[in-house]
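Visitor: Chains as they are written, first to last, in my numbering: chain Y, 32 to 1519; chain R, 87 to 471.
Dropping a structure here in structure tokens format, bear with me for questions.
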Amino acid sequence: MSGNNGSNGKVGAALVVGAGIGGMQAALDLAEAGIKVYLLERDTSIGGGMVRLDKTFPTNDCAMCTIGPRLVGVGRHLNIEMITGADVEKVSGEPGNYTVTVKKKNRWVDIDKCKGCGDCTKNCPVKTDSLFQQLLAKENAVYRMFPQAVPGAFAVHKEGTSPCRIACPAGVNPHAYVTLLAAGKVQEAFDVIYQAMPFAGICGRVCYHPCETECYRGKLMKEPVSICALKRYISDEYYAGRYAVNESAEAKQPPLPPEPRTEKIAIVGAGPAGLTCARDLAALGYPVTVFDSAPDGGGMVRRVIPDYRLPFELVKREVDAILRKGIEMRSKTTVGKDISFADLREQYQAVFVAVGAQLSTKLDIPGEDLEGVIPALTLLEESNAGRKPNLGDKVVVVGGGNVAMDAARTALRLGAEEVTVVYRRSRTEMPANPWEIEEAEEEGIKFHYLAAPVSVKGDGKKAVALVCTRMRLGEPDKSGRRRPEPIPGSEMEIPADSIIPAIGQASDLGFLRGTLETSSNGTIKADSLTLQTSVAGVFAGGDVVGGPASIVEAVGHGHEAAISIDRYLSKLDLKEGRGKRPEVSPEPDTKWAVVRSRVAEKRLSPEERKANFREVVLPLTKEEAIAEAERCLSCAVCCECRECEKTCEAKAICHDGPHEELIDLNVGAVLLAAGYKLYDAKVKPELGHGRYPNVLTALQFERILAPTGPFSGHICRPWDGKMPHKLAFLQCVGSRDVSKEANLNYCSSVCCMYATKQAILLKEEHPETDVAIFYIDMRTFGKGYEGFYDRAKKMGIRYIRFKPSYVEEIPGNRDLRIRYINEGGQTIAEEFNLVILSCGMGPAEGNTELAKKFGFELNEFGFCKTDMFAPVETTREGIYSLGVFNGPKDISESVTQGSAAVVKALSLLADAKGTMVRDKVYPPERDVAGEDARIGVFICHCGKNIASVVDVPAVMEYAKTLPNVVYAENLLYACSADSGERMKHIINEYALNRMIVASCTPRTHEPLFQENMKEAGLNPYLFEMANIRDQCSWVHTNEPEMATKKTKDIIKMAVHKSRLREPLYSKVIDVNHNCLVIGGGLAGMTASLDLANQGFETWLLEQSDILGGNLRRLKFLLDGQDPQQRLQEMIQKVQNHPKIKVFMKTEILKSEGSVADFKTEFRCNGEIHTLAHGAVIIATGAEEYKPQEYLYGQNEKVMTQLELEDKLAKGEFAANTVVMIQCVGSREEARPYCSRVCCSQAVKNALKIRKLKPETNVFILYRDLRTYAFNEQHYYKAREKGVRFIRYEEDKKPAVTADGTLAVTFYDPLLRADLTINTDVVVLSTGTVSRPGNKVIAEMLRVPLNQDNFFLEAHLKLRPVDFPADGLYVCGIGHAPKNVEETITQASAAAARASTILSKKQIQSEATISYIDEEVCRGCGQCVAICAYGALELDPVKKIAIVRETVCQGCGACAATCPSKAIRHRNWNPKQFFEMIEAAGYAYAKRG
Amino acid sequence: MTIEQLAVDLETADLIRGSGAETCTLCFQCAQCSSNCPWNRVSHLDPRRMLHKARLGVADLEDEEWWMCATCRTCVARCPMEVDIIGVMRAVRRLVVGYGAGRYPDSIRVTLKSIAGASNPAGESPDKRADWSKKINIPAFTADMEVLYFSCCVPAYDAKVRRMATSLSGVLQKLGISFGILGTAEKCCGESVRKCGNEELFTSLATSNIEAFKQAGVKKVVVSSPHCYYTFKNEYPDLGAQFEVMHYTQYLAQLAREGKLKFTKEIKKKVAYHDPCYLGRHSGVYDDPRYVLQSIPGIELVELANIREDSICCGGGGGRVWAETKKGERFSELRIDQAVDVGAEILATCCPYCILMLDDSLLTKNKEEAMQIMDVSELVHEAMG
């Protein structure tokens, strides 16, 4: 994706990394200002942390309702391209022109095809913990984070490949069939097995199951899942016909491939390898012939494995099922005898040799030829063939493998009295499966370890005994087993009627006549990957290659040989892409896994079994099997059973393809908003999270409170579902901790508020609940936060200033005990039903790597390092950062930073603006005036979402009968691209002039359908939508008939309204690109520079005769910078900037107009100026509170912090003891808000005093020390330097006296005593108060103020620098108290917001706005008062209300207020409503 | 109720700060110390408030609260500001004891006097210090020996705990380790003396011990008491000590890992291990004693509700072993309860103070039928046959 370069080589595109609330704000502002945006997100949906919240403080607005429209806005924005599931891989280039390589994870769902109907989830057997619901609920492997997710497409959750799957040599997928079984889907499970393993029943019995060895449950907990037994259960059930829902893969003939192949293939040997290969090739359409010397297929499996392990009937069934699939079987045909190998090669284009290893290895000792010495394979074949060789009473078996066990146990069953196994090493070295040895032992077979046969002693004709020598174990040999060495002179005799050697097998390769290369141990040499032999076109596999091995390995070889042969015959590379091991799943979190022991397979008792060939191992019961299957930890989450693929009607899911891809993006700037990671409370086990079920994190509790949460907002504790009556919140978990392990010398800034919010929400719903919040300092420092805290206290929420360091669980009810010391000094032990941990914010995972890739620095805590004067800039130019990525902050501050970072990018890319964005062009609009309504109705199935409940065809027929409906049709997904084309086609074909879509919610989909209208040349306001999903199929799932009736009614109402719809048009306004900034302090100057740097003409008005505002009074800063130097630099820049005009001593006289087109008149030096401008930024500042209390003004030793700062700067300060008093003029009845900066300011000045004169005693009297975020470090430093902080209480304020000496006396709540400090100086930390002049400005510009006379933003969270009406913005301390860094951020944000208007040539006003019926309006002015946007005013001449059309947002509040019904809302007028009601009423009457 | 009137006393505050409470101003009153203090499981103590008093100089030096701290270090371990809370306690006590600025418990006064006079808290004759070893013939240390065994005053003089010294000696003898004791030349290590605020006495004891070690040519000391271990390791080097010190559980664990410690007898018992504060939280040794116990055949090691960093103190540190604690307010009783809860037949530990305190509570709680308090060395000795 190469970008269009701007005139100076800069690219008009930007990358935003992280799509949380800050990243989304940045993306929207950039795109609105003409920059193309790539929005990168790690998750599958944008939204970040805010979507997980229930409500937002301090207004308790629903977080999802607030953020939802914004998600949709980002998702639909023409110039924002979302890249989800993606991370930055590498970066190159320079500011203005970067190439960023992005690694994008496969979603496995095609975003364009998926309509989000959710049908896929219905068949998904996986249930995994939902990360979105904080592990409190389960979700499927195919999932959508939350219903409102954007993109709305589902995704598949994959975590590598399960180890069981990787372990299986045959490529069977145990994870899938175990999961399907747990979900009761036996046939589907069988099909999964059958795909890779044609011998499901056989393998379910005799496999050595390497899958179980690798199973994470076995490795991490105890006892792996009994996978093998489950496979047997599934095949048994399937073969018994109990689950044959439909024809399965095993039963049905494979569909003939489109082009059957003509190349003939010969397979030598009908064992598992040969048959598997034959099956695979037959399915590809090849004619396959299998040769075997035996009368039946199945090879050794059929001939030698005894019946008690593997019933004969089963083998026959599974072998026959394969041979039925169009494979020619030439039995009783021995290659090399009946047909030569050379002929075979000539007649067939490819050959697979899989002859197995059926020759018994000889003992190679004297007497071996005597009668009574019978090779094990011979014995087993005889027995399996139903013959009963007479073995005599005493049988000795030589060997320690599975064949030896089979021979011994078969001998027993054939009537031997005493069977002895002789093995030359000890039991631990025995190669037989341990369970085979155990079963043999149970059956009474004797084992003679460390003995090796030397000779067979005979009576001349028949064997009578085996002579052995004793062995001892020496050093380990090549196999790793200790090598047995004979003990000289230790020979002994074991009497025997029969001696059965079972020491190994070999292949009979005589038929090859040397054509193929062989190895020294008598096997064919073949490539380990392709199984190609030394001769092209000849492949070999199974035991003939690897030596005697297992069935799964042979099946694996069969598959690989088939792939090779197909490639060979298709002339493709044999090796390409093969042999790669998939990435194994990470270890699953077993902390919460249910501990349940493995189901024990039952066996016949030794007495029941040893005299017959009945199957020893008994099948599992259904309950056992399902319970066992549920033990699976689902390591890879998605098991790839592909059930979802089958159900998706949109064909959007595909499990094939690479796991990730790399994409190169060419961008001019990068904005990092990578967010944070919540502190993991498990790090502090003493607090019980992860140990006690009733200790939750606050985010978990947030989910419990949320209506979208796991309990639909029903408050309960997850452990027992009971309503908690007593709750405790523990604050500062993962914050404010300097211990080396923690390194958290900062405050997370938001936890006090969110805990208070949760407590309030709980109390509102259940006032009887007892809530205690344990805290250190209550930090409610933001705008409106202190009032929120006051409200919580009034509601009876108990704030306890004590941080418990451990939580005890009470056995039984699992309540939690917390011990603390109360205000009165008593130790209290209190019990709570739930304990909530207020976890702090830490740097996001991957920050270090991100910083490395981009080459910028992090601060000591791992957040992005920024400067106080450049709060959204990283240490690398052109890379900006914002939000919690820079440090803990709340939503509104993140949003502010989002905009602030944008303005920096806009300055950098000023010349490239508009070069990469696109505008949509629509065909000319058809004039429908005067036409009768011709309505088309489209009814959506939404996959099965609507159609499974509502009778859609019936609804369609009904719709056709409605008045003015000329067309009706059903669509599978109305929102798909092909449906859109269909609609346009129908509109034209039927000359429609109205359209209705009956589907889901207009909130997400109305704009899409309106778009279709516009593309078809119709006015979009002639579109009407009927929500039949939410209101019918969802809420009436169980009453389809009623749902269908209701659907009809809703569509009828829509039709009646649609008839009365009128085309509406927005106003197009030419944008004036100048901007007015009011206020020449830090905020106003910052905003002016940010605008002017983009090339906008900026007029900066200052009331006084000097620039700089309150910053002039700050003499030093916490980070050591000199503010005056920075201020002077800034003033220079402002005054010298060619695009900034500064006016001093100004007074604003008049302002009129609205967004894009303002006109403001002001006086400067007696002269009157008028400016036409497109936007205005208000940065009028605030003042220091002038105290009346504490002897201020009466005693010169009592001063404010700013006065102290001045003295310190001038070197005029001297004292031995200083007492500072916090909250002077703040947090009290007259000014109930917190002034936010005073705590840090006091800390700053205290540090300065100690620095200038270290022995000075400094006392700071405070109520709550509010050094939020990284300011906490300085609080720590002050204490480290010996500054003493002492708390006082609001209702017992300090008294300052000056009887001779200056003294401060106050009640110390910790000492529970009055404390006096004699001091030389008292410093008052006075609050910030608003300017009286704000009122005038507010009235003139029609913007609101709050109760404390500060400017009030449009929305506390999402529009923190906007006023309700567009084009007006606020920043600086005129908005609320804030520090230097925050002021700069907010000013930049305001400039960015203004830029979104100023960058456009034209803007369009709302079309669905109010209008006044001038005849009816009485001019009462009620509408003017109610309008939040200032869109209504009274016409001074006509004495009626008039609508400022470019300001009106169409909210409708005025129409609802108007007592004379003079205000109407376009397309929502009473006539339309009455028509709809009538339509509905008629319907009701008919039904009743 | 009248409210007490106090004034900030900068002079006292500075004195306290200068006596080892330098970090007290770091406190931001979160109260995690008060939360974790074991006193609040049985009665009441508010370290947060005490820290506050200390930094303002308004500490009432007559108040007994300053003598309640068992210096168990749970508060320090949990303090998010890493305040040396024990240092603050010690600093106030120093003012009281060292400068006579207040009263303090008689039992402690008497004990400190005994130590000053007889170099042991029992006030017994220094000549009797090696009496415990006579029956089992422990030689006097000579420079060619590998290890000096330092028994601690309590096993040396208190018949109830003597078994610690004799069983460990038995183990070392069986292992053929060349070791000896200093006998009458050694004095109390002074650890608790210092915690009680008697800095001068501590210095004199330590100096004397260091001198004795030097003269005898000691290079490696194995101790029975974690208190001796702590001060030898952390405080003696400041006074010029140069020798290696190991707690005996570390030493035995090392021998066990090297395959030198072998057992011939099974002990088929459920054993719980109590972490002594000075070995655990103060010195970070948690695994070695458990390793030794687990290497004994037959032992089933069970864990108490509070272990390792979270272990509850026996109540004997910081001079509390010499003070009187009311029945029902002894931390050791909590430990006995916890051991009963997990069904332990033996509660093993490796500190003389812990053994004294736990033994005592076993009696007062009438659990001597159900359980036994044993030193780790006793179990090792028994299993060696």
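A virtual CB, placed ideally from N, CA and C, is assigned to each residue, including glycine.
Would you grab the beta carbon distance between Y:Leu306 and Y:Val237 for me? Rounded to a whole angstrom, and I think it's under 8 Å.
Guide: Looking up residue 306 of chain Y in the first sequence gives position 275. Looking up residue 237 of chain Y in the first sequence gives position 206. Their Cβ separation, rounded to whole angstroms, is 16 Å, which puts Y:Leu306 and Y:Val237 out of contact at 8 Å.
Visitor: Quick one: what does DSSP say Y:Cys663 is sitting in, helix, strand or coil?
Guide: One-based indexing of the first sequence puts residue 663 of chain Y at position 632. Y:Cys663: coil per DSSP, three-state reduction.
Visitor: Who are Y:Trp1130's beta bridge partners in DSSP?
Guide: On the first sequence, position 1099 is the one that residue 1130 of chain Y refers to. Paired residue(s): Y:Leu1107 and Y:Lys1172.
Visitor: Note down, in chain order, every chain Y residue with its Cβ under 7 Å from the Cβ of R:Met167.
Guide: Indexing the second sequence from 1 puts residue 167 of chain R at position 81. Near R:Met167 (Cβ distances below 7 Å), the residues of chain Y are Val769.
Visitor: Hey, would you say Y:Arg83 sits closer than 8 Å to Y:Glu876, going by beta carbons?
Guide: Stepping through the first sequence from its first residue, residue 83 of chain Y is reached at position 52. Stepping through the first sequence from its first residue, residue 876 of chain Y is reached at position 845. Not closer than 8 Å, so no.
Visitor: For Y:Trp139, count neighbouring C-beta atoms within 10 Å of its own C-beta (all shown protein chains included) and say buried if the count is 16 or more, exposed if not.
Guide: The residue given as residue 139 of chain Y occupies position 108 in the first sequence. Answer is buried; the Cβ neighbour count reaches 16.
Visitor: For Y:Met1056, list the residues DSSP reports as bridge partners.
Guide: Here residue 1056 of chain Y is taken as the residue at index 1025 of the first sequence, counted from 1. Y:Val1028.
Visitor: Enumerate in chain order the residues of its own chain whose CB-to-CB distance from Y:Ala1516 is below 8 Å, with the five nearest sequence positions on each side excluded.
Guide: If you number the first sequence from 1, residue 1516 of chain Y lands on position 1485. In this prediction, Y:Ala1516 scores a pLDDT of 49, lower than 50, which makes its location untrustworthy; no coordinate-derived value is stated.
Visitor: Mind checking Y:Asn853: buried by the 16 CB within 10 Å criterion, or exposed?
Guide: Taking the first sequence and counting its residues from 1, one reaches residue 853 of chain Y at position 822. By the 10 Å Cβ count, Y:Asn853 comes out exposed.
Visitor: Which residues in chain Y have a C-beta closer than 7 Å to the C-beta of R:Gln118? List them in chain order.
Guide: Residue 118 of chain R sits at position 32 when you count from the first residue of the second sequence. Ordered by position in chain Y, the residues that pass the 7 Å Cβ test against R:Gln118 are Lys834 and Ser836.
Visitor: When the Cβ atoms of the stretch 1226–1246 of chain Y are set against those of the stretch 1311–1320 of chain Y, are three or more pairs found closer than 8 Å?
Guide: These segments do not touch.
Visitor: Residues of the stretch 410–429 of chain R in Cβ contact with chain Y at a cutoff of 8 Å, in chain order, please.
Guide: none
Visitor: Buried or exposed for Y:Thr1332, please, with buried defined as at least 16 other CB atoms from any protein chain shown within 10 angstroms of its CB.
Guide: Here residue 1332 of chain Y corresponds to residue number 1301 of the first sequence, with the count starting at 1. Classification of Y:Thr1332: exposed, given that the 10 Å Cβ count is below 16.
Visitor: Among Y:Met1251, Y:Gly886 and Y:Val1401, which has the Cα closest to the Cα of Y:Val122?
Guide: For the purposes of this step, residue 122 of chain Y is taken as the residue at position 91 of the first sequence. Comparing Cα positions, the closest option is Y:Gly886.
Visitor: Give a yes or no on whether 8 Å exceeds the smallest Cβ distance from R:His368 to chain A.
Guide: No chain A is part of this structure, whose protein chains are labelled Y and R.
Visitor: Taking Cβ to Cβ, would you say R:Val331 is nearer than 8 Å to R:Val307?
Guide: Indexing the second sequence from 1 puts residue 331 of chain R at position 245. Indexing the second sequence from 1 puts residue 307 of chain R at position 221. Closer than 8 Å, so yes.
Visitor: State the Cα-Cα distance for the pair Y:Val802 and Y:Gln1166, rounded to the nearest angstrom.
Guide: Stepping through the first sequence from its first residue, residue 802 of chain Y is reached at position 771. Stepping through the first sequence from its first residue, residue 1166 of chain Y is reached at position 1135. Roughly 56 Å between the two C-alpha positions.
Visitor: Could you tell me which chain Y residues have their CB closer than 8 Å to the CB of R:Asn126, listed as they occur along the chain?
Guide: As a first step, residue 126 of chain R must be located in the second sequence, where it is residue number 40. Around R:Asn126, the beta-carbon contacts reaching into chain Y at under 8 Å are Arg850, Ile852 and Thr858.
Visitor: With DSSP as the reference, label Y:Gly51 as helix, strand or coil.
Guide: Numbered from 1 along the first sequence, position 20 holds the residue referred to as residue 51 of chain Y. Y:Gly51: coil per DSSP, three-state reduction.
Visitor: Is it true that the CB of Y:Ala1369 sits closer than 8 Å to the CB of Y:Phe1381?
Guide: Taking the first residue of the first sequence as 1, we reach residue 1381 of chain Y at position 1350. Taking the first residue of the first sequence as 1, we reach residue 1369 of chain Y at position 1338. No, Cβ-Cβ distance for Y:Phe1381 and Y:Ala1369 is not below 8 Å.
Visitor: Does DSSP put R:Met457 in a helix, a strand or coil?
Guide: By 1-based counting over the second sequence, the position of residue 457 of chain R is 371. DSSP places R:Met457 in coil when its eight states are reduced to three.
Visitor: In or out: Y:Ser529 buried (at least 16 other Cβ within 10 Å) or exposed?
Guide: Walking along the first sequence from the start, residue 529 of chain Y turns up at place 498. By the 10 Å Cβ count, Y:Ser529 comes out buried.
Visitor: Restricting to Cα atoms, I'd like to know which of Y:Ile405, Y:Met1175 and Y:Ala45 is closest to Y:Leu1132.
Guide: Locating residue 1132 of chain Y in the first sequence gives position 1101, where the first residue counts as 1. The candidate whose alpha carbon is nearest that of Y:Leu1132 is Y:Met1175.
Visitor: Below 8 Å, how does it come out for the stretch 354–370 of chain Y and the stretch 320–328 of chain Y: are there three or more Cβ pairs, yes or no?
Guide: Contact holds between the stretch 354–370 of chain Y and the stretch 320–328 of chain Y, because three or more Cβ pairs, one in each stretch, are under 8 Å apart.
Visitor: Can you name the residues that DSSP bridges to Y:Gly1139?
Guide: Sequence index remark: in the first sequence, residue 1139 of chain Y carries index 1108 (1-based). Y:Gly1139 pairs with Y:Gly1112.
Visitor: With a threshold of 7 Å on Cβ separation, who are the neighbours of Y:Phe644 within its own chain once the five nearest residues in sequence on each side are excluded?
Guide: The residue you call residue 644 of chain Y lines up with position 613 of the first sequence. If we look at Y:Phe644 and ignore the five residues flanking it on each side, its Cβ neighbours are Pro337, Asp338, Tyr339 and Arg444.
Visitor: If you draw a straight line from the C-alpha of Y:Ser780 to the C-alpha of R:Ser381, how long is it?
Guide: Against the first sequence, residue 780 of chain Y aligns to sequence position 749. Against the second sequence, residue 381 of chain R aligns to sequence position 295. Taking the straight line joining both Cα atoms gives about 50 Å.
Visitor: Just to confirm, is the Cβ distance from Y:Glu1506 to Y:Leu865 under 8 Å?
Guide: Along the first sequence, read from residue 1 onward, the residue named residue 1506 of chain Y stands at position 1475. Along the first sequence, read from residue 1 onward, the residue named residue 865 of chain Y stands at position 834. Not a contact, by the Cβ cut-off of 8 Å.
Visitor: Can you give the Cα-Cα distance for Y:Glu473 and Y:Asn464, rounded to whole angstroms?
Guide: Stepping through the first sequence from its first residue, residue 473 of chain Y is reached at position 442. Stepping through the first sequence from its first residue, residue 464 of chain Y is reached at position 433. If you take the alpha carbons of Y:Glu473 and Y:Asn464, they lie about 15 Å apart.
Visitor: Report the residues of the stretch 715–731 of chain Y with a CB closer than 8 Å to any CB of chain R, ordered along the chain.
Guide: Glu717
Visitor: Rounding to the nearest angstrom, what Cα-Cα distance links Y:Gly1519 and Y:Ser616 in this structure?
Guide: Counting from one through the first sequence, the residue named residue 1519 of chain Y turns up at place 1488. Counting from one through the first sequence, the residue named residue 616 of chain Y turns up at place 585. Unreliable positioning characterises Y:Gly1519 in this predicted model, as indicated by a pLDDT of 36, which lies under 50. A coordinate reading is not provided.
Visitor: When you check each C-beta in the stretch 1312–1325 of chain Y against every C-beta of chain R, which residues fall closer than 9 Å?
Guide: Lys1312, Gly1313, Val1314, Arg1315, Phe1316, Ile1317 and Arg1318
Visitor: Taking 8 Å as the CB-CB cut-off, is Y:Asp1345 touching chain R?
Guide: Counting from 1 along the first sequence, the entry for residue 1345 of chain Y is found at position 1314. Closer than 8 Å to some Cβ of chain R, the Cβ of Y:Asp1345 qualifies, so yes.
Visitor: Report yes if the CB atom of Y:Cys670 is closer than 8 Å to the CB atom of Y:His206, and no otherwise.
Guide: Position 639 of the first sequence, counted from the start, is the residue given in the question as residue 670 of chain Y. Position 175 of the first sequence, counted from the start, is the residue given in the question as residue 206 of chain Y. Cβ atoms of Y:Cys670 and Y:His206: closer than 8 Å.
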